[in-house]
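> Residues in the sequence shown are numbered from 1 upward in steps of one, following the UniProt record's numbering.
Virtual Cβ for every residue (Gly too), placed ideally from N, Cα, C.
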Amino acid sequence: MNAAAAQPLTPERTQDLGTAGLRTVFRIADEWGLSTAQLMVLLGDPSRTTFFRWKSGEVAQVSRDLLERLSYLVGIYKALQILLPQGDHASAYLKRPNTAPLFAGRTPLQVMLGGQVADLFQVREYLDAQRGW
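1. Can you tell me where the alpha helix (DSSP H) holding proline 97 begins and where it ends?
2. Quick check on tryptophan 54: buried or exposed, where buried means 16 or more other Cβ atoms within 10 Å of its Cβ?
3. Provide the residue span of the alpha helix (DSSP H) that contains leucine 34, from first to last.
4. In whole angstroms, give me the CA-to-CA distance for glutamate 31 and threonine 24.
5. Straight-line CA distance for residue 156 to arginine 96?
6. How big is the Cα-Cα spacing for glutamate 68 and aspartate 16?
7. On the three-state DSSP scale, how would you describe tryptophan 54?
8. Could you check whether isoleucine 28 and tyrosine 72 sit closer than 8 Å to each other, using their CB atoms as the reference points?
9. Count the other C-beta atoms from every protein chain shown that fall within 10 angstroms of the C-beta of methionine 1, then say buried if there are 16 or more, exposed otherwise.
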């Protein structure tokens, strides 16, 4: 276990992780070409006011649900960068129909947009399995 993972999740640490995670996920969303509506769903459907405050760097309170979503999104990004490191292959992959049983002809992004944390978990788990984890 690394030192960062061993630290207790204090309110201050939660805030720091949430702020850094949101900053990272906003950059990932730009790279993937996600709409505001799509990103809002991936982040747990916050109010538009909260979403745009987060986007401007104002993060008042970070829930465990949000931290979990951020972790899965960063993990999905990392897995795609390992599996598809060239150019925009990763964002194209997310938007291409997939015949794997998890996706059943849907795109990975459609599965992720189901709105539940479990949807993000399943895509992350699938990608981790594809890269041998």
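In terms of the structure at hand:
1. Locating residue 97 in the sequence shown gives position 97, counting from the first residue. Neither: proline 97 is in no alpha helix (DSSP H) and is coded neither H nor E.
2. Here residue 54 refers to the residue found at position 54 when the sequence shown is read from its first residue. The residue is buried, with at least 16 neighbouring Cβ atoms inside 10 Å.
3. On the sequence shown, position 34 is the one that residue 34 refers to. Under the DSSP assignment, leucine 34 falls outside any alpha helix (DSSP H); it carries neither an H nor an E label.
4. Along the sequence shown, read from residue 1 onward, the residue named residue 31 stands at position 31. Along the sequence shown, read from residue 1 onward, the residue named residue 24 stands at position 24. Roughly 11 Å separates the two Cα atoms.
5. Since the first residue of the chain shown is 1 and the last is 133, residue 156 is not available in this structure.
6. Position 68 of the sequence shown holds residue 68. Position 16 of the sequence shown holds residue 16. Cα-Cα distance, rounded: 14 Å.
7. Here residue 54 is taken as the residue at index 54 of the sequence shown, counted from 1. The answer is helix: DSSP assigns tryptophan 54 an H, G or I state.
8. Counting from one through the sequence shown, the residue named residue 72 turns up at place 72. Counting from one through the sequence shown, the residue named residue 28 turns up at place 28. No, the pair does not count as a contact, with Cβ atoms beyond the cut-off.
9. In the sequence shown, residue 1 corresponds to position 1, counting from 1. Note that methionine 1 scores a pLDDT of 47, beneath 50, so its modelled location is shaky and nothing firm can be said.
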